[in-house]
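Protein chains in written order, with the working numbering: chain X, 131 to 365; chain A, 131 to 365.
Protein chains: 2
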Amino acid sequence: MGQVLKEKSSPDDNDNTGKLSASDRVAGAILQDIRSGRLVPGQHLLEPELTSRLGISRGSLREALKHLAAAGIVDLNRFRGAYIAALDRKSVLDLLDTLEPLARLAARLAATNCPNDRAAQRLVKSAKVLEDLRLSGQRGDYLNERRRFYDMMVEMGGNVELARAMPLSRTDLFRAQVETRQSESQRRRHAEGYAKIAAAVQARDAAAADKAVADHFAGTRKTMAELPAEVFPNG
Amino acid sequence: MGQVLKEKSSPDDNDNTGKLSASDRVAGAILQDIRSGRLVPGQHLLEPELTSRLGISRGSLREALKHLAAAGIVDLNRFRGAYIAALDRKSVLDLLDTLEPLARLAARLAATNCPNDRAAQRLVKSAKVLEDLRLSGQRGDYLNERRRFYDMMVEMGGNVELARAMPLSRTDLFRAQVETRQSESQRRRHAEGYAKIAAAVQARDAAAADKAVADHFAGTRKTMAELPAEVFPNG
DNA sequence: TTTCCTGATATTGTCTGACGAAATCATATG
DNA sequence: CATATGATTTCGTCAGACAATATCAGGAAA
């Protein structure tokens, strides 16, 4: 699944009442722990540890793990358990190639279909928050806000299928791997990318939004090329 | 989530031994039943019926349903159970907008990175099989071969993340809705689209492959516009 | 010492049974 | 006919059990 994992009630939630099932809470908690750094890519998830820590039964936990596996967040190995997925360099570049056309579509749609000025302003605000968190905030806060930025942009575009297909949770995963290894200038480049995207959307300029996303991805590819091999599994 | 649901052992399978878990077998069986028409969009899936028919426990079934829900194949409603997802007209058009850039990327990659002639020939062969099945075959056979075509093309391109992100299972879903309502000419247009894509890939012409996919999607949009409202839920 | 085999332990995959919560259905009542 | 009420169904979740498999520790052999 493209993914389709959010923690709060959202269009793709499994229930419409606002109450989350146990497995959804668990899936959200694991995602949150990945963004915050509590769980790291490659880490082995033990059922006994998780069930006791989260206070749920094995059945609910296993449902959550199936959900996360479908989203590519964890790898399930028969009789060996669940591991937080770890992306090697090729997978990261493949993921960027895959995400880019979807993100560009999202940006074009947001610029075209932006329902009102308040929505665009929220996007700009989110970009500003990212700029602030880049310096002051915790790592998890930055990644949470980044996710919020994408979710908002997709929602503004009004294409419900896009929200499903965009592999944002998987991107969170590689961001979590990379986040602590970036230089200040790389971090700045990243945060500024969102500001430019938001500005283009606010200006209702679809072509500029498309280009802003393309530039943003080019910057990310540059950063990936600059990172040392130890950041990725298998050299 | 893009999807990530295959029935046989495949790159995204949860085990590397070739043996499938019970929940994966169930998920595959449900997908197959959708393609073959045994299960129709909107249908309510009852746990007691499925556990007895498939001979598995409720726990395994629920794991499978979580997996399918993450892929957008079933809707899970708290205390109301699982329903085969049904796409209204807007969702179908949104899905086409989302899938198109990914399919074009897949075609370009396949044309560029096609490892050997045999692979390209298999793609052409698959397109021919589709042309045959269009007339003679069962509905499920056509949709299965169509899925195989996409899987092959993606694999030829060598981008593993693309396989995850492409919402092919969700497309199966809307194909299953639409398949029996198409005219002969619409069906022919669809099958011929694959032949043109395969030819461009075989010629190693990325630009032509990209255009062939774009044309194919344009044809599908046309077909969607021609279909009557009763094909889709909610008019 | 190093390597290989073997058994003990740990972990997962799966099933069964149970119970409360919520939805659905049938019936009675106005 | 509409509505309220109780019975039934179905789901969400848990606890416990057992088999299959992987992992690890310790001993035997080179």
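Each residue gets a CB set at the ideal place from its N, CA and C atoms; glycine is no exception.
In the structure shown, the three-state DSSP call for D205 (chain X) is strand.
Judged by DSSP in its simplified three-state form, G270 (chain X) adopts helix.
In chain order, S221 and D224 make up the part of chain A whose C-beta sits under 7 Å from the C-beta of V290 (chain X). Along the segment 305–319 of chain X, there is no position whose C-beta sits under 9 Å from a C-beta of chain A. Excluding the 5 residues flanking it on each side, A194 (chain A) has same chain C-beta neighbours closer than 6 Å at S153, V156 and A157, in chain order. When the Cα atoms are used, D345 (chain X) and G323 (chain X) turn out to be separated by approximately 8 Å. Chain-ordered listing is empty here: chain A has no CB closer than 8 Å to the CB of A355 (chain X), the nearest sitting near 18 Å. With fewer than three CB-CB distances shorter than 8 Å, the segment 251–271 of chain A does not count as touching the segment 195–213 of chain X. The closest CA to that of L180 (chain A), considering only A:D247, A:I164 and A:I160, is found on A:I160.
Among the residues facing chain X, E285 (chain A) is not included, as its CB has no counterpart in that chain under 9 Å away. The residues C244, V331 and Q332, in chain order, have a CB closer than 7 Å to that of A250 (chain A) in the same chain once the five nearest residues on each side in sequence are set aside.
Judged by beta-carbon spacing, A241 (chain X) lies beyond the 9 Å limit of A325 (chain X), meaning their Cβ atoms are not closer than that value.
Per DSSP, I327 (chain X) is one residue of the alpha helix (DSSP H) stretching across E314 to Q332. Chain A has no Cβ within less than 9 Å of the Cβ of T181 (chain X). Legend: CB atoms of the segment 188–204 of chain A lying less than 7 Å from CB atoms of chain X belong to residues G189, R192, E193, K196, H197, A199, A200, A201 and G202.
A329 (chain A) and I164 (chain A) have their alpha carbons spaced roughly 30 Å apart. Among the CB atoms of chain X, one or more fall inside 9 Å of the CB of D227 (chain A).
Put simply, the CB of L161 (chain X) is far from chain A, with every gap to its CB atoms at 9 Å or more.
The beta carbon of F347 (chain A) lies closer than 8 Å to those of L226, L229, E230 and A233 in the same chain, with the five residues before and after it left out.
K149 (chain A) belongs to the set of residues whose beta carbon lies under 9 Å from a beta carbon in chain X. For L235 (chain A), the residues of chain X that pass the 8 Å Cβ criterion are D227, T228 and P231, in the order they occur in the chain. DSSP, read as helix, strand or coil, puts A212 (chain A) in strand. Looking at X:A306, X:A257 and X:D247, the one whose alpha-carbon comes closest to that of I214 (chain X) is X:A306.
Contact of P171 (chain A) with chain X by beta-carbon distance below 8 Å is absent, the smallest such distance being about 15 Å.
In this structure, L169 (chain X) keeps its C-beta atom at 9 Å or more from the C-beta atom of G211 (chain X). Within the same chain, and ignoring the five residues on either side of F304 (chain X) in sequence, the residues whose Cβ sits closer than 6 Å to its Cβ are L217 and V222. Closest option to V308 (chain A), judged by alpha-carbon separation, among A:G349, A:V361, A:A257 and A:R294: A:V361. Taken atom to atom, the span from the alpha-carbon of G167 (chain X) to that of L260 (chain X) is near 18 Å. Residue pairing from DSSP places H174 (chain X) in a beta bridge opposite X:Y213.
Bounds of the alpha helix (DSSP H) holding G349 (chain X) are A336 to E356. In this structure, the straight-line span from the alpha carbon of A359 (chain A) to that of N246 (chain A) is close to 45 Å. If the five residues before and after R311 (chain A) are omitted, its C-beta is found closer than 8 Å to the C-beta atoms of L357, P358 and V361, all from its own chain and listed in chain order. In this structure, A295 (chain A) keeps its C-beta atom at 9 Å or more from the C-beta atom of K196 (chain X). C-alpha of A321 (chain A) to C-alpha of G349 (chain A): approximately 11 Å in a straight line. Judged by DSSP secondary structure, F304 (chain A) falls within the alpha helix (DSSP H) whose first and last residues are L298 to V308.
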